[in-house]
Amino acid sequence: MSVLHAELRRRLWFTILEMVVQASLDSAMPPRIGFDDFDTEAPSNNNDDEIDELTTALRPHPKGTYTGTSLQLLLLDSLPTRLRVVQLLNGLHSDLSYQDVLALSSDVTDAYRAGSNFMKDNKDHGVTPFHRNLLDYLTRRFLIPLHCPFASKARTNPLFYYSLKISLDAAMAIISPEPDEGFSHLMAMSGSLLREGIRMATAAISLEYLAEVEAQRVDGVLHRQSQYRELLKQAMRDLISLSTTRIRQGETNVKSHMFLSMVMAQVEAAEAGTSCDYMIARSAVDSLEFCHDLLRTRADSVSLPSFDGIHNTTTHFDAGQGGYGLDLDLDMDFFLSDAGFA
């Protein structure tokens, strides 16, 4: 096998491994492979133009030198740790202890910081904000589900406050990346990979926002200005804006927009000292109507092919029957089962 083909196979193999780990996190399913299942060497730190069919030996650059392979090598540094994270989170018989969480979190954070410092040191050698945002996202998103089981207990057990801080910091980093037109477009258009990360960030920020408002209400200080609460409120507004943009760009799932609108309505009701139920229900209806208009506008702008011999027909649903004429038995678990909000 030529040097070129061997190098291509190494790069492709570790790209597949990265996709396996990311997909395992998104699907909540165990990864189908481990580092004990192969002995492939890591790709060399070389640029593409340094390898061709005639290459007989590679002279890799030092690890501190930026090349076209650097981003993959940086991800590879944390890949064993991130693989261990999804194995513990999604394993059939795994038992996640807080000591494991802290150890894995420290390893992921160290890898992220090392990569961030490398990117900063090489900002004049081809590193772009897109590269930095992508490395940040693909690495730090693992911290949210890792700390989630313990972050939810931080309000009643201060020993878990670190989990709350780490998961919230990661969520904020996901929804407020470094300004870059290409990455912003990716966040608005991307499918499952970025959508799932945004969903996790949405859950973490929303729950903290509600918990903070409730804590201030109980303490009787909800009427006062709070920089922390305003920070969370602005993050919620940014998430609603992002959800709107994604729907305009082709997203058809409106659960996130409705959920965020309901959270904002609950907070507004608490701040006003009024009943939450009506405002939450009203915000849900308003959100659905708003999203319906967006989807209709989007559908009207898409030209559908015409088929000869097929006539337009209108399907009639009898509103007097349960499920609009269909034999459906739907509840909130059905609608929210894949959104993580149930």
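Under the working numbering, read the sequence shown as residues 4 to 345, first letter to last.
By construction, the Cβ of each residue, glycine as well, lies at the ideal position given by its N, Cα and C atoms.
Note that the structure is a prediction, hence the values are computed from the model and not measured.
Burial state of residue i, where buried means 16 or more other Cβ atoms lie within 10 Å
i	result
I19	exposed
Q324	With a pLDDT of only 38 at Q324, under 50, the local geometry of the prediction cannot be trusted, and no value is derived from it.
A106	exposed
N160	exposed
L263	buried
D139	buried
F41	exposed
V88	buried
P346	Given a span of 4 to 345 for the chain in the structure shown, any question on residue 346 remains unanswerable.
H134	buried
S109	exposed
L28	buried
T142	buried
E184	exposed
Q230	exposed
Q237	exposed
H346	Residue 346 is absent from the structure shown; the chain starts at 4 and stops at 345.
Q228	exposed
Minimum C-alpha distance to residue i - residue among the options
i	options	result
E215	P33, D29 and S155	S155
M22	A9, I36 and E10	I36
L234	G253, F262 and S179	S179
T79	P34, M32, V24 and P65	Here residue 79 is Leu; the residue named in the question, Thr, does not match the sequence. Among P34, M32, V24 and P65, the Cα nearest to that of L79 belongs to V24.
A117	S229, T84, L77 and A176	L77
I243	A191, R220, S108 and Y231	A191
Y69	S109, L57 and G129	G129
L348	P63, L57 and R144	Outside the shown range of the chain, which is 4 to 345, sits residue 348, and nothing can be said about it.
L86	P132, F38, K126 and M122	F38
T31	V6, T112, T59 and N93	At residue 31 the sequence reads Ala, which differs from the Thr that was named. Taking only the C-alpha atoms, the option nearest A31 is N93.
I169	S195, Q228, I208 and R12	I208
D124	F153, L167, T112 and G67	G67
C294	A272, E274, A173 and S246	S246
A60	Y115, A9, M175 and E199	A9
G194	T255, R13, V221 and L11	T255
N50	L11, P33 and P34	L11
L213	A26, A272 and L7	A272
Helix, strand or coil at residue i according to DSSP, with G and I counted as helix
i	result
H8	helix
I169	helix
E120	Inspection of the sequence shows that residue 120 is occupied by Asn rather than by Glu. Note: N120 maps to helix in three-state DSSP.
S286	helix
M190	helix
G67	coil
F145	coil
N136	helix
M352	For the chain, the structure presents residues 4 to 345; residue 352 sits outside this window and is missing.
R87	helix
H96	coil
H226	coil
T131	coil
D321	Here D321 scores only 40 on pLDDT, less than 50, and its place in the model should not be relied on; the value that follows carries that caveat. If DSSP states are grouped into helix, strand and coil, D321 belongs with coil.
M2	Any answer about residue 2 is impossible in this case: the structure gives the chain only from 4 up to 345.
D42	coil
G37	coil
S81	helix
A154	helix
S47	coil
P180	coil
R14	helix
Residue span of the alpha helix (DSSP H) that contains residue i, given as start and end
i	result
Q237	Q230 to R251
A273	K258 to A275
A218	S195 to D222
V305	Premise fails: V305 is in no alpha helix (DSSP H) and is neither H nor E.
Residue i CB to nearest heavy atom of the ligand NAD below 6 Å
i	result
E53	Judged by which ligands are present, the structure shown has none, so any question about the ligand NAD falls away.
CB contact check: residue i to chain D, cutoff 7 Å
i	result
H128	Absent here is chain D; the protein component of the structure consists of one chain.
Decide if the region 5-17 is in contact with the region 42-57; the criterion is three or more beta carbon pairs, one per stretch, under 8 Å apart.
yes
Count the CB pairs spanning the region 90-100 and the region 160-179 that are closer than 8 Å, and state whether there are at least three.
no
Should the region 274-285 be called in touch with the region 245-261, which here means at least 3 C-beta pairs below 8 Å?
no
Assess contact between the region 281-296 and the region 256-270, defined as three or more Cβ pairs (one per stretch) separated by less than 8 Å. Is contact present?
Touching, yes, given that three or more Cβ pairs across the two stretches are closer than 8 Å.
Three-pair Cβ contact test at 8 Å for the region 132-152 versus the region 192-206:
yes
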